[in-house]
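See below for the structure under consideration.
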Amino acid sequence: MSADSESAIAALRDEIDPFVFLGGAIATIIAIGYIAARPGAAGEFLTNANTFLWSELGWVFLWAMFLAVAFCLWLLVGPWGKIKLGGPDEEPEFSYTSFLAMLFSAGLSTGLVFYGPAEALFHYSSGPPYFGAEAESAAAVPDAIQYTMLHWGISPWSAYLIVGVTIAYYVHRKGAPIKPSTVFAPFIGVENLDKKWVKPLDLLMVIVSVGGVAVSLGFVVTQFLGGISYNYGVEVGNLGTILVTVGLTVGFTISAALGVKRGIRRVSTFNMYLFLFLLAVAFVFGPTSFLLNTGTEALGGYINSFVDMSLYSNSANGAEWVGSWTVFYWAWWFSFAPMIGIFITRICRGRTIRQVVFAGLIGTTAASFPWFIVMGGSSLWVQTRGT
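Be aware that the sequence shown starts at 206, since it is given in the working numbering, and climbs by one per residue.
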């Protein structure tokens, strides 16, 4: 083994906190083992926990996300936005294009593949109670895209940014360690972040992040295998599911092992170009006029009704729909926030808070909204015309 390889391994070993690493690994193994050994009981427990979450605590998630959006908008226009994350003369490590591509790929790109064409169809067929329109009616078409925008617009990135900007500020300006618990530095102080009683916070946030990743990985694998089964009639079974999961994990591990510059940056840039190519093809060769008209109406409704939709719980008629969609999404985004926040910290040095928030809040939304309008609108166009 070369000296460089040995030093890299030694550096990685030094960065691993045994308590957090082993605690997270043990908790994950126990959870997987329990689900595998008692799938029925585990499913019932998770269902009950989910029901309690959206029926009793849904309002907490609605307010938390709304306040996160408000705070990020204030960072965008307020005096804190000019604070530089690093030294006064320090230049960014990555170009703005690469920076935006990495943010977009890390935060939302996996879900766009499935929910781009699918979520609008779900809302069209069920009729979101907020609008009161009849399901599968003409009025439900723009409503379906509008609610999809709520779930994939500035709200999820506000959850990421409120964690990422906080960690980045204390890391790059105050010399704090790069770890999830640094988000609590405003409350416990930078000088206390290395104390033993803080480690359970890191462990908790690692476990939460593992849950978020598990949901995303489960979606990706089931979507991929479901597509193969639908198009080619091939059923791969449990072994195929395991192999695909392992393959994705190995691919991610290789990308991460190559580092941000050689691995993640290149994969993210390729991902962005592929995304733009598919978007352009679908827009040009799809029902272009329908997409422009429907997208314009949906965007106007989103802007006009953002506050109402963000805090809407349908409490008078039962919160099940909002819980299974909006509250689920908000919990999912917040579970990713520690991991994405660490990544934002890694790539944002040399930029101002305003630049980071603009890229995360405006840049990613400017990319995701056209995708949901084009892909979701195209699927609705096909559905409503029976073609």
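Positions of the beta carbon are idealized from the N, C-alpha and C atoms, including for glycine.
Legend entry - Beta-carbon gap between Phe271 and Ser573 smaller than 8 Å: The sequence position of residue 271 within the sequence shown is 66, counting from 1. The sequence position of residue 573 within the sequence shown is 368, counting from 1. Not a contact, by the Cβ cut-off of 8 Å.
Legend entry - Same chain only: Cβ atoms within 6 Å of Phe480, ignoring 5 sequence neighbours per side: By one-based count along the sequence shown, residue 480 stands at place 275. Taking C-beta separations shorter than 6 Å and ignoring five residues to either side along the sequence, Phe480 has no partners in its chain.
Inset, instruction - Please determine, among Phe495, Pro297, Tyr335 and Thr233, the residue with the shortest C-alpha to C-alpha distance to Val587. - result: To locate residue 587, count along the sequence shown from 1; it is residue 382. Of the candidates Phe495, Pro297, Tyr335 and Thr233, the residue whose Cα lies closest to the Cα of Val587 is Phe495.
Legend entry - Option nearest Tyr329 by Cα separation, candidates Leu317, Ile372, Trp535 and Thr353: Residue 329 sits at position 124 when you count from the first residue of the sequence shown. The candidate whose alpha carbon is nearest that of Tyr329 is Thr353.
Inset, instruction - Alpha carbon to alpha carbon, how far is Leu290 from Tyr374? Give it in angstroms, no decimals. - result: Residue 374 sits at position 169 when you count from the first residue of the sequence shown. Residue 290 sits at position 85 when you count from the first residue of the sequence shown. Tyr374 and Leu290: Cα-Cα distance of roughly 6 Å.
Legend entry - Meets three-Cβ-pair contact criterion under 8 Å: the segment 537-547 and the segment 361-370: Yes: the two stretches touch, three or more of their Cβ pairs being nearer than 8 Å.
Legend entry - Cβ neighbours of Thr387 in the same chain (closer than 7 Å, five flanking residues each side left out): Along the sequence shown, read from residue 1 onward, the residue named residue 387 stands at position 182. These residues qualify, in order along the chain: Ile372, Tyr375, Val376, Ala381 and Leu398.
Legend entry - Host alpha helix (DSSP H) of Met221 (start-end): Reading the sequence shown from its first residue, position 16 is the one you call residue 221. Contrary to the premise, residue 221 reads as Ile rather than Met in this sequence. Boundaries cannot be given for Ile221, as no alpha helix (DSSP H) includes it and DSSP labels it neither H nor E.
Inset, instruction - Would you kindly check if the distance between the Cβ of Gly581 and the Cβ of Gly321 is under 8 Å? - result: Locating residue 321 in the sequence shown gives position 116, counting from the first residue. Locating residue 581 in the sequence shown gives position 376, counting from the first residue. Their beta carbons are under 8 Å apart, which means Gly321 touches Gly581 by this criterion.
Legend entry - Assumed close pair Phe563, Tyr365 - CB separation to whole angstroms, cut-off 8 Å: Taking the first residue of the sequence shown as 1, we reach residue 563 at position 358. Taking the first residue of the sequence shown as 1, we reach residue 365 at position 160. Rounded to the nearest angstrom, the Cβ distance from Phe563 to Tyr365 is 14 Å, too far for a contact under 8 Å.
Inset, instruction - List the whole-angstrom C-beta distance separating Asn522 from Pro333, where the pair is believed to meet the contact cut-off of C-beta under 8 Å. - result: The residue given as residue 522 occupies position 317 in the sequence shown. The residue given as residue 333 occupies position 128 in the sequence shown. Wrong, their Cβ atoms sit about 12 Å apart, outside the cutoff.
Inset, instruction - Would you identify the three-state DSSP class for Ala572, choosing helix, strand or coil? - result: What you label residue 572 is simply residue 367 of the sequence shown in a count that begins at 1. It is helical.
Inset, instruction - Starting from Val274, trace the alpha helix (DSSP H) both ways and give me its first and last residue. - result: Here the question's residue 274 lines up with position 69 in the sequence shown. That run of the alpha helix (DSSP H) goes Gly263 to Val282.
Inset, instruction - Determine, using beta carbons only, whether Pro385 and Trp538 come nearer to each other than 8 Å. - result: Within the sequence shown, residue 385 is the residue found at index 180, counting from 1. Within the sequence shown, residue 538 is the residue found at index 333, counting from 1. No; because the gap between Cβ atoms is not below 8 Å, this pair is not in contact.
Legend entry - Check whether Gly528 and Trp259 have beta carbons under 8 Å apart: Numbered from its first residue, the sequence shown carries residue 528 at position 323. Numbered from its first residue, the sequence shown carries residue 259 at position 54. In this structure, Trp259 lies closer than 8 Å to Gly528 by Cβ.
Inset, instruction - Could you give the DSSP three-state label for Lys384: helix, strand or coil? - result: Along the sequence shown, one-based indexing puts residue 384 at 179. If DSSP states are grouped into helix, strand and coil, Lys384 belongs with coil.
Legend entry - Beta-carbon spacing of Ile558, Trp285 below 8 Å: In the sequence shown, the residue the question calls residue 558 occupies position 353. In the sequence shown, the residue the question calls residue 285 occupies position 80. Yes. Within cutoff.
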